[in-house]
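Going from the sequence shown to the numbering used here is simple: count from 1 and add 219.
C-beta atoms are modelled at their ideal positions from N, C-alpha and C, and glycine is treated no differently.
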Amino acid sequence: GPIANSRFTDIEMAEKIRPDELTDGRPDMKVSIAEFAPGWQIEHCGLEMDPGIRATYRGRQRVFLTHPDDGETPAVLWREVAIPTGSAAALHLTVSHHDGGDWQLVVKIDEEEVLNTPVGKDTVVDGWQTEKIDLAPYAGKTVRVELFNQPTGWFCEAAYWGEITLAGL
């Protein structure tokens, strides 16, 4: 059987879990986000609702799930982006929610909130909600773009990310 305080035997550990996928006993979401949306980083993603890449969700292929670490701390996806001078750059997001829950999508650029909107059964169309953030005002600068999976009531707070795309760069 497993050694004390372990859910897996040594054989199971060797076959099913690679050490590069673990950080402090948690799945390494940095590997998953790099696969789903290259260049993006992740912080404060909790383990509730089994975060990571889903093969399908609500008719979309390859969907990324995040969940806040606790009832106050949002899961955050972020990256630094150089916006070319004269570009018509934009951030395109397609998001959804768990059937039983909702969450708040907050987008910040260089710590300035540019979007704060609920994601739930009353806001999605055909299961998905699409948002576009104009990045042209930041042309000629390198900015930090942050996407928050903000909890709203601590019940099924999973964020399903169908698309995270930077266009016009």
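Identify every residue that forms a DSSP beta bridge with W322.
The partner list for W322 (beta bridge, DSSP) reads V338.
When the Cα atoms are used, what is the spatial distance from D247 to M268?
The alpha-carbon atoms of D247 and M268 are separated by roughly 15 Å.
Of the listed residues W297, G381, G265, nearest to K327 (C-alpha basis):
The shortest Cα separation from K327 among W297, G381, G265 belongs to W297.
Backbone secondary structure at E299 - three-state DSSP:
In the displayed model, E299 falls within a strand according to three-state DSSP.
Here's the rule: buried if 16 or more other CB atoms are within 10 angstroms of the residue's CB, otherwise exposed. What is A274?
Burial call: exposed.
Which residues does DSSP list as the beta-bridge partners of V400?
Nothing in the structure corresponds to residue 400, since the chain is present only between 220 and 388.
With a cut-off of 8 Å, do at least 3 Cβ pairs link the segment 278–285 to the segment 356–364?
The segment 278–285 vs the segment 356–364: no contact.
Am I right that G306 and L388 are in contact with their C-beta atoms under 8 Å? What's the rounded C-beta distance?
A small fix is needed here, since residue 306 is Ser in this sequence, not Gly. Contact flag correct, Cβ pair sits at about 7 Å.
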